[in-house]
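Here the structure is laid out as structure tokens; the discussion comes afterwards.
Protein chains: 4
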Amino acid sequence: MGDSFGKIFRITTWGESHGAGVGVVIDGCPSGLPLNVEDFQYELDRRKPGQSKITTQRKESDIAKILSGVFEGRTTGASISVMVSNQDAKPHAYDHLKELYRPSHADFTYEKKYGLRDWRGGGRASARETVGRVAAGTIAKKLLHHWRKIQTIAWVEQIHDIKSSVDKKTVKTKQIEASIVRCPDLEASEAMVERIHQARKSGDSVGGIIRAVVRNVPAGLGEPVFDKLTADLAKGLMSLPATRGVEFGLGFNSVTLKGSEHNDPFVIQKGVIRTKKNRSGGIQGGISNGEDIDLRVIFKPTATINYEQDTVTRDGKKTKLKAKGRHDPCVLPRAVPMVEAMINLVLTDHYLRQQKNSL
Amino acid sequence: MGDSFGKIFRITTWGESHGAGVGVVIDGCPSGLPLNVEDFQYELDRRKPGQSKITTQRKESDIAKILSGVFEGRTTGASISVMVSNQDAKPHAYDHLKELYRPSHADFTYEKKYGLRDWRGGGRASARETVGRVAAGTIAKKLLHHWRKIQTIAWVEQIHDIKSSVDKKTVKTKQIEASIVRCPDLEASEAMVERIHQARKSGDSVGGIIRAVVRNVPAGLGEPVFDKLTADLAKGLMSLPATRGVEFGLGFNSVTLKGSEHNDPFVIQKGVIRTKKNRSGGIQGGISNGEDIDLRVIFKPTATINYEQDTVTRDGKKTKLKAKGRHDPCVLPRAVPMVEAMINLVLTDHYLRQQKNSL
Amino acid sequence: MGDSFGKIFRITTWGESHGAGVGVVIDGCPSGLPLNVEDFQYELDRRKPGQSKITTQRKESDIAKILSGVFEGRTTGASISVMVSNQDAKPHAYDHLKELYRPSHADFTYEKKYGLRDWRGGGRASARETVGRVAAGTIAKKLLHHWRKIQTIAWVEQIHDIKSSVDKKTVKTKQIEASIVRCPDLEASEAMVERIHQARKSGDSVGGIIRAVVRNVPAGLGEPVFDKLTADLAKGLMSLPATRGVEFGLGFNSVTLKGSEHNDPFVIQKGVIRTKKNRSGGIQGGISNGEDIDLRVIFKPTATINYEQDTVTRDGKKTKLKAKGRHDPCVLPRAVPMVEAMINLVLTDHYLRQQKNSL
Amino acid sequence: MGDSFGKIFRITTWGESHGAGVGVVIDGCPSGLPLNVEDFQYELDRRKPGQSKITTQRKESDIAKILSGVFEGRTTGASISVMVSNQDAKPHAYDHLKELYRPSHADFTYEKKYGLRDWRGGGRASARETVGRVAAGTIAKKLLHHWRKIQTIAWVEQIHDIKSSVDKKTVKTKQIEASIVRCPDLEASEAMVERIHQARKSGDSVGGIIRAVVRNVPAGLGEPVFDKLTADLAKGLMSLPATRGVEFGLGFNSVTLKGSEHNDPFVIQKGVIRTKKNRSGGIQGGISNGEDIDLRVIFKPTATINYEQDTVTRDGKKTKLKAKGRHDPCVLPRAVPMVEAMINLVLTDHYLRQQKNSL
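Chains as they are written, first to last, in my numbering: chain A, 1 to 359; chain B, 1001 to 1359; chain C, 2001 to 2359; chain D, 3001 to 3359.
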């Protein structure tokens, strides 16, 4: 239980790292949206491993098939089933993991919960699970653009201790995609690439921080009390593998401001009510206020490293996890489309929920 | 829509700051739990304003009434309705807010969403809404203690720039409650009290960080993919008013560690499989691993301050929000039971969900 | 678990027959609907016992209090809490039921499920639980009228073996309310009254069939596959106490027709596409087609009778349930507003769900 | 929206009659259940068209593929994706339906709801949609058998006006499967076969009634108030295509009994508390009482007939729907596994929900 997300625009994902494939069923997509397999390809390509020299070597073609819900090139309102077959499944590459728990992976907790686990490459806990999210996010992105040109842009803000400087008001997807680490600050990007290379060479891994902004958000998205936009975004983002924290607007940095400094006066700009500084990151009382949404997510360093590590076996004996040939030293560049997908899924759900708020 | 929380242990709250009262209906509580009104009082007293010289002056007696679901002192399995009447409602104290939007409050967003708003003290957006959460959290706390002696302990870790030093492994509720700011580091506590006094005197407010640990958590709570324990805790905590971010384990600080440093080897201690350092804050792959859960939440400085502030009217004219007599310079001490309540609600729901995971 | 109903317009009820009161929280009501306590009174009066000489003698004033969600006479979009106090609670009148299971009541099943039960007048299983449904149904009724003048009309079609003849196309609420059994066929109504009197005198009870039509339903309500309008109406109606079956359109009588007889040709009437005979009762493929919805619900004879009956005690000994003074020989007249409420709740939820079906 | 069913054991189906295939994702299946593709085949074969001379001629091999959630022959607790490819898709066989609405089909309502429709063989509204339900029902059946040997048996009780006589207490699956119409009364079965042949020859169709019993149901399944077992079974069954009504126990026939006749005394049999007559069909107050569940569902005559029929075009012109070569004169035999699947899905969900009812 727990493979579905959303209330009105609701997705259900399935699939393991080294099974037949991965996929998603989307329930609640309005009819009439033009949709074809090419729409998915751009985002799936951004998510897939092996895009550049700095990512994992696993080669996955990741080609989406639409199995239902689309007729003559448009959505019909029926549930949309999208599947991506696993091309590069090598289940036996993981035989050595069968009897032990990898440190900082989900091996131990899955087995405690279920009494057994699919030990082939993490099974359901693998980041490959996010293929379904990214595919569904593609549809969400198209809907948001159709409705109000709502646009989510995410980028790598920090890798290990290398920080970047980016103007969040003007940064464009094109600039982000020009960097193989998806950091639009070119100087920082180069340093990040170098840092990831070092990590790879030493068999190690590094984490980082992704920042995202959402533009053209209408005021009124999000529900009072429990389904605040902040709350649902936090849930969506913290459901991504390897995330350790999320913050909105000034986030943890707001702690050293006083109320008189943090408060954000309303002003009139071109006849429209705006906040002066967008200190709240576009969300007040859990509801969007029309300013850009602004958030940050931390991804810890990848748990799969090319080091010999101490661990224990399933039957409680000390053992060593041996170093193996291939690993992904930094998931951050691939996590950018995952973050965008989760944000777009939450916004689409809330966009559909806020219909008929008032008579 | 959005006034319910939880899947199996599901609560629905209602009530405005200056209406008839506030309350909660709890659906899914197992039968047989001893429960009476006194059970609620301890937590409601910790949540209420006016507990000490540093909090807001609003006097609320906040006495719970159990309207259903309890018979002869035990829960029956039926929905439990708990109500707290508003004693100190002064709706006309807010007449001056009717036509303007207070900076960094939810006035503007509620009105954009619904076309109207209850302007008496924030209405539904008031922190008074959390009474229902804290009442429901009391039941959750009792269930968790009954099942496994699971115990959630939260405290104020930081106020403004004053940090504390607390041993999270040994800290006790008694030590926390001995401090009127609920910070068990006595030296820091004194400085915090002083800082809050200063804020009050200058009509200003300060925010802070709450830390929480959960002890005796069995391994196996949390669901793969979307309903990870981290994700549901993040949602619950970010649904509290004034929160801006949440992090687990090392949180944002994990960014400067490499995988080889962050990874947490499994070890055998007294015949039990444990992680060596609990770097993940008790949750791996979204599922509890049996170690203490460890998390932090940031609350921004309270938006209600005793300053004249620039703002705009409902019809888009510039205006001033005048300073008024009473305000709460720091919500942190009262937020401690709110944080505990949300954590306990999430854990209770997941405890009930993980039954029958395996044949 | 199970005290909530609806997906977007979602109600949660609480309360026992002889506790403090009964109530409902409505989540998802649009803002701006004029609402006051008088709105509830008409429906609550129709539902309450003791309305006429033929119903149970229990006197309940059943006056609704609105505790939240309404400000200056209009709904605000916040959750609406409505409560009715129990005036005529006589818990000790039920002391003799404490140790035995009444035949055809829920005493036995509740105790098997929960290990204990509230034996005062059926507790949560009492028909008094429907007060919350009827209160929430009042709001639904107002919304449906506001949106499209959608109108649900139910009446008693049969009591015991007395059938009525009513023109479902023209029957009006006024005609129904003119009959104390709520059967607009005056001749049948008289016979029904007499039959109920006989049942009362002999300490017995009778059941019956309620028919309902819904007028001015727009085409397009209901979802494909599982949340068909028929399916959700069936669930709502079968959740009412004492119901044993439900049917739509020709219902069970369709069995003796052939496809060529049952099929309902589309025709053009005044430029609008209509079905010729409305054989499907307004719903085709689970979705409303714009014709009147037409359905029937059977209520079994009330289980509370004034007879000595064989039964067993909690500890499995044979015993007799003694006859007691007061009972309601026929619930049907009071069930009419319950049926209308459930239909209106389902339609309101689906009305809100079908927004944004298509781009 | 509406393609998911169940709360804890939750299925989501997808697929159209003449698209790539049909399938289902099952979320919430406990781990450790042995499962392989052969498990699905028996039920899918019972559901598929073309099993015998009396059913539709469409040939579908309907072979299930398990795409996720099973590892080394056992369920892992992850979502289970099952797919059946469409082998006999002939989309162009339906070109003549593109511009008109077939009488008593969902063509008109889907188009009113969504603005467009997949006109190939009914698209999502086709009975082919039930493949996913039957596949998921297979897993539910295995779980119910594993837990308590709970067994659901359904059969055809009536076709057109031909009634059967079957001992519901003793009837066995083998006897039902021995009849090509799935009616274990051999004499009635022969008459039914003949009646269906006549219908086919004349291009017509007939409906019927399916009866189902569930044996070995533990007391305590079902939730008070809205999620009564009767209510959820009614919803599940009424979500099947072509159903028009459902009843439990004595159903509509209870109307002519008085309370004293209908009431069912509790008795002690072999030390166990039982009801004497099972008048309630195994469910009292919405909760199972340990007796056999007993219910009936009516399926109207199939809308697809081989007759020329009057109808209208999409743009509102009168037209004729021409007779076409193949049709299924009676869906009842194939509906038997569909009914069993829905019952098993509801029972499995409630079995998982009733865990931890009491401390």
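Glycine included, each C-beta is placed from N, C-alpha and C at the ideal position. Every value quoted in this text rests on a predicted model; they were computed, and no experiment measured them.
Check whether the Cβ of Pro2265/C lies closer than 8 Å to any Cβ atom in chain D. yes
Can you tell me whether Val3246/D is helix, strand or coil according to DSSP? Three-state result, Val3246/D: strand.
State yes or no: is the C-beta of His3350/D within less than 8 Å of the C-beta of Leu3221/D? Yes.
Closer than 7 Å at the beta carbon, the chain D residues around Ala2219/C: What Ala2219/C touches in chain D: Thr3109, Lys3112.
8 Å is my cut-off, CB to CB: does Trp1990/C come that close to chain B? Lying outside 2001 to 2359, the shown extent of chain C, residue 1990/C is not represented and no answer is given.
Which residue from Gln354/A, Asn344/A, Leu352/A puts its Cα closest to that of Thr152/A? Asn344/A
Run the CB neighbour count on Pro301/A, radius 10 Å, all protein chains shown included, and call it buried at 16 or more, exposed below. Classification for Pro301/A: buried.
Taking Lys2112/C as part of the alpha helix (DSSP H), name the residues at either end of that continuous run. DSSP places Lys2112/C inside the alpha helix (DSSP H), whose first and last residues are 2107-2114.
Helix, strand or coil at Ile3209/D according to DSSP, with G and I counted as helix: Ile3209/D: strand per DSSP, three-state reduction.
Between Ala93/A and Thr173/A, what straight-line distance do the alpha-carbon atoms span, to the nearest angstrom? 37 Å
Phe3266/D and Gly3207/D closer than 8 Å at C-beta: no
I need the straight-line Cα distance from Pro329/A to Glu1261/B, nearest angstrom please. 14 Å
Can you grab the Cα-Cα spacing for the pair Ala323/A / Ile305/A, in whole Å? 7 Å
Contact check, Gly3006/D vs Gly3015/D, beta carbons under 8 Å: no
Buried or exposed by the 16-neighbour rule on C-beta atoms within 10 Å, applied to His2235/C: In the sequence under discussion, the amino acid at residue 2235/C is Lys, which differs from the His named in the question. Classification for Lys2235/C: buried.
Let's see if you can read the secondary structure: which residues bound the alpha helix (DSSP H) around Trp3119/D? Segment: none, Trp3119/D is in no alpha helix (DSSP H) and carries neither H nor E.
Glu247/A and Arg296/A look like a contact to me (Cβ under 8 Å); what is the Cβ gap, rounded to whole Å? 5 Å
For the alpha helix (DSSP H) holding Gln1041/B, just list the boundary residues, first then last. 1037-1047
Please check the pair His2145/C and Lys2090/C, which I expect to be a contact at CB under 8 Å, by giving their CB distance rounded to whole angstroms. His2145/C to Lys2090/C, Cβ: 38 Å. No contact.
Interface partners of Thr2012/C on chain B, CB under 8 Å: Ser1004, Thr1012, Val1025, Asp1027, Ser1079
Limits of the unbroken alpha helix (DSSP H) element including Gly1259/B: 1259-1262
What runs of the alpha helix (DSSP H), each 4 residues or longer, lie entirely inside the region 1158-1237 of chain B? 1173-1177, 1186-1201
Inter-residue CB distance, Asp1107/B and Arg1120/B (contact presumed, cutoff 8 Å): In fact, because the Cβ distance is near 11 Å, the residues do not count as touching under 8 Å.
Identity of the residue in Val156/A, Arg148/A, Leu321/A, Ala303/A nearest Ser179/A by Cα: Val156/A
Shorter than 8 Å from the beta carbon of Met1342/B to some beta carbon of chain C? Taking a beta-carbon distance threshold of 8 Å, Met1342/B does not count as an interface residue toward chain C.
Met3338/D in three-state terms, based on DSSP: helix
Span of the beta strand (DSSP E) around Gly1015/B: 1010-1015
Length of the line joining the Cα atoms of Arg148/A and Gly32/A: 16 Å
Reference Leu3044/D, options Arg3244/D, Asp3095/D, Ala3335/D, closest by Cα: For the residues Arg3244/D, Asp3095/D, Ala3335/D, the minimum Cα distance to Leu3044/D belongs to Ala3335/D.
In DSSP terms, what Trp2155/C is bridged to: Arg2211/C
For Ile1139/B, report the span of its alpha helix (DSSP H) as first-last. 1130-1148
Locate the beta strand (DSSP E) running through Asp88/A, then write down its first and last residues. Taken as a continuous stretch (DSSP letters only), Asp88/A belongs to no beta strand (DSSP E), as it is neither H nor E.
is_contact[Glu1223/B, chain C] using C-beta, thresh 8 Å: Not a single CB atom of chain C sits nearer than 8 Å to the CB of Glu1223/B.
Pull out every residue of the region 282-308 of chain A whose Cβ sits closer than 7 Å to any Cβ of chain C, in chain order. none
So Gln1355/B contacts chain D; which residues on that side make the cut at Cβ distance below 9 Å? Those are Leu3352, Gln3355, Lys3356, listed as they occur along chain D.
Would you check if the region 1099-1106 of chain B and the region 271-285 of chain A touch, i.e. whether three or more CB-CB distances between them fall below 8 Å? Short answer: they touch.
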